Each structure stands twice: as structure tokens, then as C-alpha cells.
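Undergrad: Quick one: structure below, then a few questions.
Numbering (my numbering), first residue to last: 37 to 1150.
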């Protein structure tokens, strides 16, 4: 018989049996497990031990993977480069250009007979060059777009796998608890599960305490399900542990787990669904055609791909699949209320893009109409000619000019700038300990006006130590000697700490003897265990006497109890209960206390008040957390005064009566020092106009003390430091409903919220976000680590989860994970966020100048000269350098500390400020003046032949080449001006910190020289003399001087109406969820078909940064 690692290779239970086993729930599950002989028997069949786990040898693990599968769900293959190219080609403006170019090519090869007599053959033979050049430039644009999408997708997958790689889980192997990466878990592993875990695989409970699981991700039921080995032992992957702890045997992993099975079905469903959607779209088109023929209103059919699709089973495992592919999994339904709204920047950009699009298309249509009318009037009316075949090529040429105007008007470079800038920042933020899960969180952070932070672990080091203790009426400010404590009290304290701290919490000796011991697990419990070690005793020996299996009952810690209790059998029969928790909570339940020399005394009301005043409050004012340890005994025989006589087992469900009339053993003060870099980080935030608020579960005095040390509250300032109870009293009306107007009275002054529940945190965050008290609307960031912080993290504009102390549930709900749990990393995130926003503003300022100039030149040129001075191919080149290359150059500027010296923009600040508008219009005026001067009098000025009124097939002239060259030179020098958007004078500052910028700039210059000197017919240029080049350079340098003049104009004099992209972005996001081409069915503002067309054409502007964020939002 084949053996593996010293055991038979054939398991006692098959994969299919295990899969079937996990289908059952509740009582059925228990019966099914019993059929196989109980959990212990199943462990034997899988060759594993409930207490020691697997041997962990590679051979064994590999064999298990082969037999039962590995714990990962294969992701959908990424899109190939060709698919992305095909997608980029779908862009409407490009399609129009392609068609026009092909028609122009066709016409250039088609020659009517009589034409040959009129024209010299040499001239017409170049007709095809323009068409080809347009096609080539379209191809370049498409390839650049596709390449960007491709790199973005790869980066995103890298990020995804990094996030998944960070997910580790506590597994018992070789009788030791090890942190194993989730993908390494195999069937037969014994996992320790605790409050806040996201379960990595399906399993059966071996032992559990008070376990409650949120199975909503699988079943959609929001109520927490109680689990226990005797009534519902099945725990499933993808569900969250909301309370309690336990041990489970892994029975199904990866595609065989319940979540994996659903997922495989879902993958198949996606493919079917995509086919279905395509069919629906075709149907919709037919319908639309019918409707437009009958003249019916076609509002309702907007090709919404998700409206009629069945809502899929949402699933958290969606992480590994790419968002874009898995449309169905990641966007359950268009009316999905809890989906994050679009980020502030995206909303503003969408709005801006639509406005520019409208303006551009209007001008483009006008240009074409004017050109055609002029041509017709001149040819047929004035010259009295009849229609000839070669006139068609004139009309196509006019159309091409119109389309080119359109191409230049629409800033396709915008999505590129956004994507580049975000992707670049995300990469750099990794180094600053910010793991960004949703790309858009990065720029939202730059707008943050308020941060609601946890205290423990974020503002403090999360390395807790007991520094004061109160035992038998002795207050010690240093470590007491065990011999000084009465023996019976001392032993009870040791036992109370060792047994009543989760066994997952341990204090380990450091690897390097000079360092402090390593704390593993819950830090408060580690402090208590450290106290035991400080007394010179070993907690492990006590734990070995009382293994977890021997516990009678455990009441685990949760945010309502704020305490934890464990019941163990008592050596002489009966039970002993230990409790630890927040001192004011526990002392309320104490009836006895040990006094001098360990004498038992009744604990009266005034003793309690005295203890609070003299011990607990002074400790709290030093910023210590006070924890009280107490116990109670249930005995079968004669009971002492602090014991309870029992005949049979007490009713453990009746928690209020069980955990009551306790005997207080001691009160300890635990110090969690403020992180040394936090006060400085908070000062930076306050300088940057961001209010930091502390929301904590600790008591008022501790919270106030820490807040003062951090600098959140300053002495003699008018601020609020209140408790959760008081907060609720102030914000709720007589019926107990939260009222926004009452909240608005509280939050602006609130700095510290102590003893707060998760609901309070959520209410506060929601209240600040919804508040309209401040003119710019608040943008709120929240930090959280506990399971219960999930709702607040989801609600916040940016949720930060703690990478080290955070539970999986918190990480799942967050946008950014702080890999070092440090508040100062948040300041870095603010800096990067502001930098993204500024990079995009810089790019816009630059881009819009080019757009305004190019569009106006083409339009007026068409009207005045019957021909655009800038040819189609030239415009496309300008478009390419301006869009693609400039977005690269301007999007990769590094952040500077100056970014933290200005106030945040808030939600409603316009995207293009008055300063920027001043620069855009100022530069446009200069450039237009130069170009029109050159167009109308340039030929006389430079003494060259005029290019105005040249015949259709005449070759390029030096006159128009000078215009094109000057335009590009002015644009290139304006790129320097665009580097500053807040009216700074020195536009060259920090130029050498950005090699990408100057490399691209020099590269563009070289390319321009080549085009002018050797571009000939393809670019409609003729080579220029040195003198003409110097003129072009002179006009180019003029932009820098003119920029200084423009800066001198005071911004305050500019009317507010000139700022663009203001207003509440919500108005736009509700009606148009662009990323998915969905339109809200019930919204009043139904977009018209034309608008839809536009939006689709501009979709690329949006979808790029929008896609990744949909990833884990199911």
C-alpha cells in the first residue's frame, strides 16, 4: 500500500463526500457529521490531529493539494493586447476619422478622365498621403491607449495579488500556531478562528466559544448566525466572524468550497450573460430604429446592460478576478445603493468632459457647414460650374477638417493623465506604507477635510505595558513583587490572566536579546500576560493545565460587553468564572473586594466612588487604560460569602446573572504610548486645513490625555470632548431619531468622542459627510481596525484599515491599507492625493489652452481662408504631443511639502479655478494673436509667398509651415507655464527632479524639427530657413514672458463665472454612471440619445480610473 510521509496515501473520506458534507446546515449538519463518526473521526480519516495539526512536510501538503485542490480560485485570464486595441478602436471620434481617411484615400486613387488635362499629374499624386497619414496617426493613438490599458491592468493584477499575499491566517502545524498565507491552507489543516477573521476555507468546528458569523456574503441574510459544534458546526469560506473564537478542521478549499462552487457557476454565468447582453443590445438597436422611424420618444432604451440581468450572488472572493471582466460579479444591479459613489475628481472630470464635448462638437459641425456652404456658393453660384466628380474630394476634405477639430476639442489625454497620475502615485505610495485598494481613493484623500482616527494602534504604538497596579488596597507605580501579594489573591490573579486571555495572545521572547519581547495577538491581553511574566511567573504552565477544550463557557469580548469572561471547572467540583474588562464596567458588577493583607471585604457604593476618584481617574488622566480583573465561584457544597451555592449546572445563557456579584482582584493601568511621530503628523494635518478627530472606545480621561499629547486638543480652545452617551443625547430628537440639524451643532467643535460604539462612529461619519454647514462640503477619511468599524469605513470617502492590527473585515471594507498602522502614513497619503489632483489640474490648464487655440484657429481659418491653417495631420500630431506626451510629463511630478500648506479643496470647489482660467485665456489670447497675425500679414512680414487661397492640390507653403511651427513652439513652452497652477512665479522650480518631463520635452522638440524639415507632403510642411526658425522660437519664448504678465493680473478681479467644473458632483453622478454605461432608469434627468452618444465617445475619459475601484465592492 502506497504511503506518503509515513501514512497511507488513500484518505478515509473522498473529495465528493466532503463537498456533500458542507452542503448541510444546522441540525442536518450535526447529523451528517455524526454519520461519519463525529469531528474527531473525520480528523483521523484526514490524518490530522485536532490539537497538533498537520506535520507541515512539503510532501504531505503537496499530496493534499493534488487530492483535494489548492486554496485559490483561478482568476479569469486578462484581456490580450489585441482585445484592448479593439476596444480602443471603438471610440466614436476615431471611427469617424478612420472612415473619413479611407474615403479620402479612395477618392485620391479615383480619377475622372477630364481631370488629367487640367492638373499636373505630379500634384494629385500626393493626394493619398494625407489620408494615409491620418490613418497612421489614428493607429498610433490606438496603440498608445491600448498599451496604457494593458500596463494598467497588469499593475492592477500585481496590486491585487499583493493584497491577497498579505492575507495570512493562524493555522496549527506541528502543535504550534503558525501564520500561513491563505493560499497555502490545505484540507486537514486545523485553523484558529477569532473575532474579525474572514474565513479562508470551509470547515467543521472542533471547539468554539460564543461564535457568531456573518454569512451575508453567501446567503444575503444580514443576521449573524450562531455557530457551535453541537447545533451548527459548518463554517464557510468568505464569511466573517463577528464574535467569539474557536478551532476548525478545514474540509474544503478553493473551487470546492461553497464560495468557490458559487464562483465557478458565476464564471459560467458571466459568459452566458455577456452573450445575452450582446443579444439584448442588438434587440435594443432594432427597437430604436423602429422607434426613430415612427418618431417615438427613445428615452427608455439606453442599452443598459445590467438592468435586466439577474442579480448574481455577490461574493467576496471576487478579489482575484479582474473587475472589468467580471461585470456581473462586480456590479450587482444598477440601482445598487451601497456602491461607492464616483470619486469627487471623477465626477468633476465627467462634467467637464461633457461640457467640452458639447462645445467642440458644435464648433466642428459649424466648421464643416461653413466650409461646404462657402465651397458650394463659390463653385456653383459665383463660378457657375456644374457638379463634377472631383468635387467629392473637396467635400471629404472639408469633413476631415471638421472631424479633426472635433478630435482636438475632445481632451482624450485626460483619462490618460488621470490613469498615469494615479498609477504612478499608487506605485510610489506603496513605499510610503499605503497599500491602495481602490485607485480613486488616492485623489479623494487629497481633498480630505476631516480625519476620524482610532486611538489604539494608530495614534499610539499599540505596544501595551502594565505600568500601575492596584492590588489589596496597594497602589503600585512599578512592578510589584509576587511575594508582597497575599498568596491566594496572587494565584487567583495569575489564573485569571492566563486562562481568561485568548490563547492566541502570547508574549514571545525576541529574536534579538536587546529588543523588547514580541507581542502576538490582542495587545491588551499581551500587556496582562507581560504583567504575569513581570511577577516572575509563567502563564504557559497554567494554560497547559487548562486546555481550551476544558472550558465550560466563554463570553468573548465584543463592543457591547466591553469585557471577556471564561468559566472553568473548579478543582473541588463546581465552577470558577474569571472576568476582565473596562474597569468602570466591571466594578459596577463587583460586590466584594480584597482589602489589606488579602482580607475579603464588601464592596460598597462609596468604596466604589473612592476607588474611581483616587485610583481609576488619576490613572486615566495619565493616559492609561484601566482594566479590572475579577472572579466568582459556583460551589456544590457550603458556600463562603462571595461564593454561590449550586445544586446543578447554572444556566450559562443567562449572562447578566452569571457575570455579577463578582469579587474584584485587581485594577491595572496599561500604558500605550503615543507614537513619537504622531504629534508632528497631526500638526501637519492641521496646517493643511484638515481637522483630526479621535473616536475611541476608551474612557473620557484616557482619551483626553492622549488627545492632548497628540495635539488634537489644545489647552484653552473651544472644543468638545464627549462620551458616546452624551453624543447620542445631543443628536437624537425625542423619538430617538438622529437629526442632521442637531448633529450640525455638535460635529464642528467635536474633537474627541470617547466610550463610543461602532454605531456612533458611523453616525458621526455619515453626519459630517451629509452636512451642508460648510460651503465646500466635507470629505471624510476614517481609520479603523475592528470588525465593527466596517460600516464606518465603507461610508467614509476614504477608509484606512490597519495592516497589522486590522481584522480582515476592516481591510475588506477599506480603500487604503496602512501597512505600518501609522498615522503619519495618512499624511503621506494626503500629500500624494493632492499631488494627483494638482497633476490633473496642470494637465487641464495646458490641454485646454491648446484646445481653445486649435479649435478657434481651425474655425476662423475655415471661415476666412476657406481652409484650416492647421492641416488634419498637423492637428493630430499636436493632439498626440499635447495629449499623450504632455500627460506623461505633467502627471509624474513628485509631491512637495508645499502641498500641505494650502487648505483642502472640498467637494464643490471648481476643477478649473479662476487662476487657471486666467492662465488658459491669457495664453490663448497671446497664441491666437500670433497665429492670426502670421496668417493674415505673416507672408509680408517674413517676405514669403502667401499660403492663403491656395488651390486644393497645391503643395505645402512655407507660410503655413511657419504658422504650424510657431503654434507647436508656443505650446511646448507653455508646458513650462502649466507646471504651476497656484500663480507661482518660478515655473522652472524643481524641473530637474522630474527626468520624465525634460526627456519628453526634448524628445518632442527633436521630433518637431524632423517633421518641419523632412515632413514634406505627409505633414504638409516645407523646410524653413534659419531666420524663420528663429522667428518661431521667438514666438515660443514669448509665452514664458507673457505668462509672467498674466500672473500679475489679480485673480480676485476675475468674475466667479469663469471657474469651470464647480457645483455638487452628485447631480452628475446620479444620472450618469459612466463607467458602466448605465443610466439610472428612474432619474428625472434622462440623457437624450445624442447625449448618450457623446458620453459613450467620452467614456474612455472615465472608465480608466473607474474600473479598478469596482473590484471588491460587491
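Think of the CB as a built atom: it goes at the ideal place given N, C-alpha and C, for glycine as much as any other residue. Bear in mind that the values here come from a model prediction, so they are computed numbers and not experimental data.
1. Kindly indicate which three-state DSSP category residue 215 falls into: helix, strand or coil?
2. Apart from the five residues on each side of it in sequence, which residues of its chain come closer than 6 Å, Cβ to Cβ, to residue 963?
3. First and last residue of the beta strand (DSSP E) that includes residue 605?
4. Less than 8 Å separating the beta-carbons of residue 540 and residue 228?
5. What residue range is occupied by the uninterrupted beta strand (DSSP E) comprising residue 532?
6. For residue 139, does the three-state DSSP call read helix, strand or coil?
7. Which residues mark the beginning and the end of the alpha helix (DSSP H) in which residue 1040 is found?
8. For a test of the three-state rule: what should DSSP assign to residue 630, helix, strand or coil?
9. Kindly give me the distance between the Cβ atoms of residue 828 and residue 820, rounded to whole angstroms, as I take these residues to be in contact under 8 Å.
10. Counting beta carbon pairs with one atom in the segment 472-483 and one in the segment 721-733, are three or more of them shorter than 8 Å?
11. Is it right to say residue 899 is buried, meaning 16 or more other beta carbons lie within 10 angstroms of its own, or is it exposed?
12. Residue 556 bridges to which residues according to DSSP?
13. Hey, could you find the ends of the alpha helix (DSSP H) residue 645 is sitting in?
14. CA-CA distance, residue 618 and residue 457?
15. Just to confirm, are residue 505 and residue 512 a CB contact at a threshold of 8 Å?
16. Unbroken alpha helix (DSSP H) runs of length 4 or more, entirely within the segment 858-922: which are they?
17. Would the segment 680-691 and the segment 629-642 be scored as touching if the rule is three or more Cβ pairs under 8 Å?
18. Can you tell me which of the three DSSP states residue 276 falls into?
19. Using the rule of at least 16 other Cβ atoms within 10 Å of the residue's Cβ for burial, across every protein chain shown, is residue 1078 buried or exposed?
20. Classify residue 1024: buried if its beta carbon has 16 or more other beta carbons within 10 angstroms, exposed otherwise.
21. By the DSSP assignment, the beta strand (DSSP E) with residue 681 in it spans what residues?
22. To the nearest whole angstrom, what separates the beta carbons of residue 713 and residue 599, a pair I think is in contact under 8 Å?
23. Determine which residues share a DSSP beta bridge with residue 668 and list them.
24. May I ask you to report which of helix, strand or coil DSSP gives residue 365?
25. Does the structure place the segment 282-302 close enough to the segment 79-88 that three or more beta carbon pairs sit under 8 Å?
26. Bridge partners of residue 591, per DSSP?
27. Between the segment 782-795 and the segment 823-837, do three or more beta carbon pairs fall short of 8 Å?
28. Could you give the first and the last residue of the continuous alpha helix (DSSP H) run that contains residue 803?
29. Do you know how far the Cα of residue 43 is from the Cα of residue 663?
30. Report, in whole angstroms, the separation of the C-beta atoms of residue 1076 and residue 1009, which I expect to be a contact under 8 Å.
31. Output the boundary residues of the alpha helix (DSSP H) element that contains residue 815.
32. Within this structure, are the beta carbons of residue 940 and residue 760 separated by less than 8 Å?
33. Between the alpha carbons of residue 388 and residue 880, how many angstroms are there, rounded?
34. On the DSSP bridge list, what partners appear for residue 504?
35. Quick one: residues in its chain with C-beta nearer than 6 Å to the C-beta of residue 1044, no 5 flanking neighbours on either side, listed in chain order?
36. Which partner residues of residue 427 appear in the DSSP bridge assignment?
TA: With the structure as the only source:
1. Locating residue 215 in the chain shown gives position 179, counting from the first residue. Strand, per DSSP.
2. The residue you call residue 963 lines up with position 927 of the chain shown. The residues are 889 and 1006.
3. As a working mapping, residue 605 is identified with position 569 in the chain shown. From DSSP, the beta strand (DSSP E) with residue 605 extends over 599-605.
4. Taking the chain shown and counting its residues from 1, one reaches residue 540 at position 504. Taking the chain shown and counting its residues from 1, one reaches residue 228 at position 192. Going by C-beta atoms, residue 540 is nearer than 8 Å to residue 228.
5. Here the question's residue 532 lines up with position 496 in the chain shown. Per DSSP, residue 532 belongs to no beta strand (DSSP E); it is in the alpha helix (DSSP H), 523-535.
6. The residue you call residue 139 lines up with position 103 of the chain shown. DSSP places residue 139 in helix when its eight states are reduced to three.
7. Sequence index remark: in the chain shown, residue 1040 carries index 1004 (1-based). Start and end: 1031-1050.
8. By one-based count along the chain shown, residue 630 stands at place 594. Here residue 630 sits in strand by DSSP.
9. Here residue 828 corresponds to residue number 792 of the chain shown, with the count starting at 1. Here residue 820 corresponds to residue number 784 of the chain shown, with the count starting at 1. Residue 828 to residue 820, Cβ: 6 Å. Contact.
10. no
11. Taking the chain shown and counting its residues from 1, the one referred to as residue 899 is at position 863. Burial call: exposed.
12. Walking along the chain shown from the start, residue 556 turns up at place 520. Per DSSP, 542.
13. Translated into the one-based positions of the chain shown, residue 645 becomes position 609. Looking at the DSSP string, the run of the alpha helix (DSSP H) that includes residue 645 is 641-647.
14. Start at 1 with the first residue of the chain shown, and residue 618 comes out as number 582. Start at 1 with the first residue of the chain shown, and residue 457 comes out as number 421. Approximately 47 Å, taken between the alpha carbons.
15. If you number the chain shown from 1, residue 505 lands on position 469. If you number the chain shown from 1, residue 512 lands on position 476. Yes, these two residues count as a Cβ contact at 8 Å.
16. 859-901 and 908-916
17. no
18. Working through the chain shown from its first residue, we reach residue 276 at position 240. Residue 276: strand per DSSP, three-state reduction.
19. Counting from one through the chain shown, the residue named residue 1078 turns up at place 1042. Classification for residue 1078: buried.
20. As a working mapping, residue 1024 is identified with position 988 in the chain shown. Exposed: under 16 other Cβ atoms inside 10 Å.
21. The count along the chain shown starts at 1 and reaches residue 681 at position 645. Element bounds for residue 681: 679-681.
22. Residue mapping note: residue 713 aligns to position 677 of the chain shown, counting from 1. Residue mapping note: residue 599 aligns to position 563 of the chain shown, counting from 1. That pair is no contact at about 33 Å.
23. Residue numbering aside, residue 668 sits at position 632 when the chain shown is read from its first letter. For residue 668, which the question treats as bridged, DSSP gives the partners 613.
24. Start at 1 with the first residue of the chain shown, and residue 365 comes out as number 329. Any reading at residue 365 must be qualified, since the residue scores a pLDDT of 32, below 50, and its modelled position is unreliable; the value itself is stated next. The answer is helix: DSSP assigns residue 365 an H, G or I state.
25. yes
26. Position 555 of the chain shown, counting from 1, holds the residue named residue 591. DSSP output for residue 591 lists 601 as bridge partner(s).
27. yes
28. On the chain shown, position 767 is the one that residue 803 refers to. That run of the alpha helix (DSSP H) goes 794-806.
29. Locating residue 663 in the chain shown gives position 627, where the first residue counts as 1. Locating residue 43 in the chain shown gives position 7, where the first residue counts as 1. Taking the straight line joining both Cα atoms gives about 49 Å.
30. On the chain shown, residue 1076 is found 1040 positions in, with the first residue counted as 1. On the chain shown, residue 1009 is found 973 positions in, with the first residue counted as 1. Yes, they are in contact, since the Cβ atoms of residue 1076 and residue 1009 sit about 6 Å apart, within 8 Å.
31. Position 779 of the chain shown holds residue 815. First-last for residue 815: undefined, no H or E at that position.
32. As a working mapping, residue 940 is identified with position 904 in the chain shown. As a working mapping, residue 760 is identified with position 724 in the chain shown. No; because the gap between Cβ atoms is not below 8 Å, this pair is not in contact.
33. Numbered from its first residue, the chain shown carries residue 388 at position 352. Numbered from its first residue, the chain shown carries residue 880 at position 844. Looking at the two C-alpha atoms, the distance is approximately 10 Å.
34. Stepping through the chain shown from its first residue, residue 504 is reached at position 468. In DSSP, residue 504 forms a bridge with 705.
35. In the chain shown, residue 1044 corresponds to position 1008, counting from 1. Same-chain partners within the cutoff: 1004.
36. As a first step, residue 427 must be located in the chain shown, where it is residue number 391. DSSP, once it has assigned bridges, lists no residue as partnering residue 427.
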